[in-house]
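Numbering (the working numbering), first residue to last: 295 to 1053. We treat Cβ as the ideally placed atom computed from N, Cα and C, and that holds for glycine. As the structure is a prediction and not an experimental result, all values here were calculated from the model. Read the structure below first, then the notes.
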DNA sequence: CCTACTTGTTTTTTT
DNA sequence: AACAAGTAGG
């Protein structure tokens, strides 16, 4: 069982009882340790179903289960399901497997069973995704007659989420608020929470908070869960927030078998409430803990680790990663003109790799913000490079898909008003703004939710004409759907599309894109039938083994899956596709070749960071990106980048200054010239310092340069060569500045009085 | 009172 | 460039 493990890994694997913290650097075999530890527990007689392992994504959960199964004796592995979001980890089916889930899906599943114990929720509660939340915030603003420009819904929502992750109640926030604005925000929070309850809905944060409440207020539930889960493991502990920690603590404080694994250097979710405090809390609550540090890296070349180590270490400098891996190519930094040149240059690179036999699925393009994927997608389409964008606008966020799902939700729950409002006049059925307002007021006066009101006889009294007919029509559609709720899930989805008259509406209102949107709806039906298949296989296995389990209705499961399983995880990663994703979603993954694009100031570090902790987190984010690479790492930055509809000059990331003196190679130039300079081929040796000298870069004392942000200036002095050539410049706007030529977007220009031609 | 068109704003990261 | 709120016509 401990085959091929290093001593530190072995200690972690064989530590079974009592609290354990594993500090695991990138590529140090953390997943290996976790899977071996689970297998090791089972081999000493621990019942698999008494093991709970919380992972950061559903994909990681599946992967971990798969790898654990291969470590178990065949007989045991064979009777366990291969994979799937509800098969192996269904809480309601004690099928003998360890429960591997994310916090959110673990909570959702428990709440489905127990939420009726928490007033006023009932088991068909809805899970609100960010679009639903946004709609709810907008409604609250309207409700409180606040203006959306001074309370931008998105910013407001993230403030609410922040409070919720701190576990501050609306009342507390209200008490603590000093300014008028703060008090208004507290009112929004209060009303928002009130509406969620009324609507029998939980947002993502609520899933965690409601479970904490359930465990605290209902000792019998807590008791039964403690009895069931004798061993609790939390992965990516550095990215857990307060409610998540509390759940872990509540479950484990009695038997104390809590194992947390993580890496403080990879903490990148503080904006979601993740906090290093959880390590402190762990130490306080479980003082008898043991600690194991895994610092041998098995993933990357020394070149990559050298760069990584420059980016880590301010916080936890004591710990240094090392590797025995063999040397690889130098880490390269490409400087390009703009985002199109960047895409072209990197497409070249990818084609070269492919020609060398590198599999596309071993190549990843990473970026700070989703918007950067666009140019690459266009370029890849043009060049016929197969790719897959992970994350971003997901399938289930598509308008047409959300609309049909809203029909299903509104039919299923009379309290899900966000869903109902979404489809009130979609397709258009003559119910305008004014009529909706009247209807809402009437419902409010009657003390009902919209859904309840709609189903009452007096619902239509306030309306006349077209609007009245329209509401009648809507009511009929929902009635049809509700009365067919016993039908198969696939039929229900199909029926929602038909009864709503959605397809004709699409063709009329979306002349450009209706065909694609129709295909998306067909895919939705397919997804429903897939869910159904999984569910029926679970039920039949349960029936065969004579075990009892609480059947959750298929629609609830379908909606839950859609809300909690991200697009990235739904898409079966096909071979032969280059992956494009944000640095955040790259966490936990590894690739042979990694390209990090847009390594520019205001992007990495992002301009919205808070000082100075924010910068630290941005640095860790780059660290995470860098350490995804096994063999080759390339970073790029452009001198210009399109934002909205104008070109902006860009500066290279200030993080590059931390990399000075490493053996990274800087390459300038675009697609055509770039890859054919002699010195790049020699990737193993040190770049000779005079490599740049051969070509006159036109930058000498006395010559003029233009800096794309700072403007024109005259070079006062120059030292060094090549990548380390520094110049001192006096700018026209005033001020002197030291610049590293390779980093700074400077171009030699003729002395002033010349015409100013901007690129 | 509804709908189609015009105008202004928007992009950090995710369960 | 895409999406919501605001405005005029029907």
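Counting C-beta neighbours from all protein chains within 10 Å, is the total for residue i 16 or more, i.e. buried, or is it exposed?
i, result
"residue 979", "Here the model assigns residue 979 a pLDDT of 27, short of 50, so the residue's position is not dependable and the matter cannot be decided."
"residue 792", "exposed"
"residue 881", "buried"
"residue 494", "buried"
"residue 906", "exposed"
"residue 675", "exposed"
"residue 595", "buried"
"residue 695", "buried"
"residue 427", "buried"
"residue 585", "exposed"
"residue 532", "buried"
"residue 940", "exposed"
"residue 646", "exposed"
"residue 915", "buried"
Roughly how many angstroms lie between the CA atoms of residue i and residue j, to the nearest whole one?
i, j, result
"residue 744", "residue 704", "10 Å"
"residue 947", "residue 627", "11 Å"
"residue 472", "residue 665", "37 Å"
"residue 893", "residue 644", "19 Å"
"residue 971", "residue 962", "Its pLDDT being 34, under 50, residue 971 is placed unreliably in this model, and the value from its coordinates should be taken loosely. Spanning the two alpha carbons is a distance of roughly 10 Å."
"residue 759", "residue 701", "24 Å"
"residue 725", "residue 828", "40 Å"
"residue 273", "residue 569", "The structure shown does not extend to residue 273, since the chain is modelled only from 295 to 1053, so the question has no answer here."
"residue 306", "residue 324", "10 Å"
"residue 419", "residue 412", "12 Å"
"residue 441", "residue 713", "23 Å"
"residue 801", "residue 813", "12 Å"
"residue 299", "residue 496", "43 Å"
"residue 359", "residue 400", "15 Å"
"residue 765", "residue 818", "26 Å"
"residue 904", "residue 924", "31 Å"
When DSSP builds the beta bridges, which residues end up paired with residue i?
i, result
"residue 1040", "1001"
"residue 535", "568"
"residue 553", "314, 527"
"residue 590", "616"
"residue 1009", "1023"
"residue 725", "In DSSP, residue 725 forms no bridge with anything."
"residue 959", "626"
"residue 477", "In the DSSP output, where bridge partners are listed per residue, residue 477 has none listed."
"residue 896", "900"
"residue 936", "941"
"residue 584", "314"
"residue 293", "Outside the modelled stretch of the chain, which goes from 295 to 1053, sits residue 293, for which no answer is possible."
Going by DSSP in three states, residue i sits in which element: helix, strand or coil?
i, result
"residue 542", "helix"
"residue 415", "coil"
"residue 343", "helix"
"residue 601", "helix"
"residue 404", "helix"
"residue 945", "coil"
"residue 874", "strand"
"residue 679", "coil"
"residue 510", "helix"
"residue 888", "strand"
"residue 497", "strand"
"residue 547", "coil"
"residue 444", "coil"
"residue 660", "strand"
"residue 973", "Note that residue 973 scores a pLDDT of 31, beneath 50, so its modelled location is shaky; the value from the coordinates is reported in the next line. Of the three classes helix, strand and coil, the one that applies to residue 973 here is helix, per DSSP."
"residue 381", "Bear in mind that a pLDDT of 41 at residue 381, under 50, signals an unreliable position, so the number given afterwards is only what the model happens to contain. Looking at residue 381 - three-state DSSP - the assignment turns out to be coil, as it is neither helix nor strand."
"residue 348", "strand"
"residue 738", "helix"
"residue 364", "helix"
What are the boundary residues of the alpha helix (DSSP H) that includes residue i?
i, result
"residue 629", "First-last for residue 629: 626-630, but that is the beta strand (DSSP E), not the alpha helix (DSSP H)."
"residue 690", "Per DSSP, residue 690 belongs to no alpha helix (DSSP H) and is neither H nor E."
"residue 328", "324-337"
"residue 308", "301-308"
"residue 711", "711-717"
"residue 926", "Unbroken run through residue 926 is the beta strand (DSSP E), 923-932; no alpha helix (DSSP H)."
"residue 462", "Unbroken run through residue 462: none, as it is neither H nor E."
"residue 849", "848-858"
Within the continuous beta strand (DSSP E) that includes residue i, where are the two ends?
i, result
"residue 393", "393-396"
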